[in-house]
Amino acid sequence: MNDNISVRIYDGDGMNIKIYNDTDVIINSSAPSNDAWDFFNFSNAEGEYIMEMTENLWTSDNGNYYGLEIVGTDRFFMNESQSSLYPGYSPSGNFSGSNDAMILGRGAEFSPYETYEIHSDGNFSVAIYDGDYTAVLVYEPDGTFHDIFIAPSNNAWDVFNVTGNASGYWKTILFDLQGTDDYSTEGNFYRIATDEEHVYIVNQNASDLFITYDFSSNAGVNRYAYRRQVGSFPPPVNSTPSIGFTQTQYQNIADDDGIWQSDSASLGSYASHRFVFTVNESTDDIALLHILWNGDGRHWISPGATLFIWNYSANGYEEIDSNTVSGEDTLEAFLQ
0 MNDNISVRIY
10 DGDGMNIKIY
20 NDTDVIINSS
30 APSNDAWDFF
40 NFSNAEGEYI
50 MEMTENLWTS
60 DNGNYYGLEI
70 VGTDRFFMNE
80 SQSSLYPGYS
90 PSGNFSGSND
100 AMILGRGAEF
110 SPYETYEIHS
120 DGNFSVAIYD
130 GDYTAVLVYE
140 PDGTFHDIFI
150 APSNNAWDVF
160 NVTGNASGYW
170 KTILFDLQGT
180 DDYSTEGNFY
190 RIATDEEHVY
200 IVNQNASDLF
210 ITYDFSSNAG
220 VNRYAYRRQV
230 GSFPPPVNST
240 PSIGFTQTQY
250 QNIADDDGIW
260 QSDSASLGSY
270 ASHRFVFTVN
280 ESTDDIALLH
290 ILWNGDGRHW
300 ISPGATLFIW
310 NYSANGYEEI
320 DSNTVSGEDT
330 LEAFLQ
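Numbered according to numbering that gives the first Met the number 0, the sequence shown spans residues 0 to 335.
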């Protein structure tokens, strides 16, 4: 640890906080706030410390959900036996990890990613509970990207096997793909575990690993939109529709704010929008494409929308998602 440590608890609702080492109790207090942060700071913090959080006041059977942030330490580890801590709710086998729900988020309070390290000889399993479409990126000890998994389950475990031959600390980064809000908290709750001895949380910035391409910036510069209609479904070429958006129309799709760019088709044609993005990253550096479209496909007989992506190798469009609903909806695909 560093000289100065700040332990921060969000929405503690009165839980008790105790921090101690072999000789002294440093903090023995409570986190009383509801939907706000409580801070516990101490100095001259060289060495190893244990933190205990105890909930004695919360009466709901669903438990008290909270956020945790520790500033000033490189890492802290979690090694709770999942089968002992959560009988009947643990992955099959001997898994150790978080003793409580962790949080990813898209709001102001929580980061959309969290970084962990697992010490292993290269062959291990990582398990995510209630991932709600969380991406799991795995890196070898030398920093080389190894693999990516998607944990889609709601209130269930997803277990992923990692096979390698390098011994050391394997970095595992979790990223919230869908912005799921569990229990109206603006955060996606999950648990993480491994069949190794423990999981380390490391305070490492990973924001440069996740790049968003949308029309909130650079519209008409290196990302383009075209509109109105096509004569076939899907078109045999990737150059139609060809009517470019105006700057005003680009503003209509700049944010997820309920403002739309609406187009209708003539009889016998299909209303269509085409989007073209110039991606700066090389294909070797891209582990996952997460494609999202939000809109409304209206038709008085057969409503719905279909999302395609152009496959340059096959020289044609591939369908990646669709719906048959009338009203606002999201189409989504994960391409690895």
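The beta-carbon is built from N, C-alpha and C at its ideal position, and this holds for glycine as well.
- For the pair Ser-97 and Glu-116, the Cα-to-Cα distance works out to about 13 Å.
- Taking C-alpha positions only, Ser-263 is separated from Val-229 by approximately 11 Å.
- In its chain, beyond the 5 residues on either side, Tyr-64, Ala-100, Met-101, Ile-102, Asp-129, Asp-181, Tyr-182 have a beta carbon closer than 8 Å to the beta carbon of Phe-188.
- Beyond the five residues adjoining it in sequence on each side, Phe-232 comes within less than 7 Å, by CB distance, of Tyr-269 in the same chain, given in chain order.
- The shortest CA-to-CA distance from Trp-292 to any of Ser-271, Asn-217, Ser-42 is the one to Ser-271.
- If you check the CB distance, Ile-16 and Ala-35 do not come in under 7 Å.
- Between Val-201 and Thr-171, the C-beta gap is not smaller than 7 Å, which leaves the two residues out of contact.
- Phe-307 and Glu-317 do touch by the CB rule: their CB atoms are close to 6 Å apart, below 8 Å.
- The C-beta of Leu-67 has 16 or more other C-beta atoms within 10 Å across all chains shown, which makes the residue buried.
- With a beta-carbon spacing of about 5 Å, Pro-111 and Asp-175 fall inside the 8 Å limit used to define contacts.
- In the assembly as shown, Ile-127 is a buried residue. Its beta-carbon has 16 or more other beta-carbons within 10 Å.
- Contact between Ser-124 and Phe-159 holds: their C-beta atoms lie close to 7 Å from each other, under 8 Å.
- Counting only runs that start and end inside the stretch 16-88, the alpha helix (DSSP H) elements of at least 4 residues fall at 81-84.
- Per DSSP, Ser-97 has no beta-bridge partner at all.
- Cβ-Cβ distances below 7 Å link Asp-320 to Leu-306, Leu-330, Glu-331, Ala-332 in the same chain, with the five nearest sequence neighbours on each side left out; the list follows chain order.
- Taken through DSSP and simplified to helix, strand or coil, Leu-266 comes out as coil.
- At a Cβ-Cβ threshold of 7 Å, Ile-8 and Asp-37 count as neighbours.
- Each of Asn-40, Ser-28, Asp-295, Ser-42 was checked against the Cα of Glu-51, and the nearest Cα belongs to Ser-28.
- Remark: C-beta atoms of Asn-43 and Ser-5 do not approach each other more closely than 7 Å.
- According to the DSSP assignment, Gln-228 belongs to the beta strand (DSSP E) that extends over 222-229.
- DSSP links Leu-287 through a beta bridge to no other residue.
- Bounds of any beta strand (DSSP E) do not take in Thr-247; it lies within the alpha helix (DSSP H) bounded by 246-251.
- Measuring C-alpha to C-alpha distances from Thr-179 to each of Asp-131, Ile-252, Phe-76, Asp-284 identifies Asp-131 as the nearest.
- By the C-beta density criterion, Ser-95 is buried, having at least 16 other C-beta atoms within 10 angstroms.
- In the DSSP assignment, Ile-308 falls within the beta strand (DSSP E) that extends over 304-310.
- Where Ser-119 is concerned, the enclosing beta strand (DSSP E) starts and stops at 112-119.
- Within the same chain, and ignoring the five residues on either side of Leu-288 in sequence, the residues whose Cβ sits closer than 7 Å to its Cβ are Leu-334.
- Per the C-alpha coordinates, the member of Glu-280, His-145, Asp-157 positioned closest to Tyr-168 is His-145.
- Within the same chain, Cβ atoms closer than 6 Å to the Cβ of Ala-224 are found at Phe-244, Phe-274, the five residues on either side in sequence being excluded.
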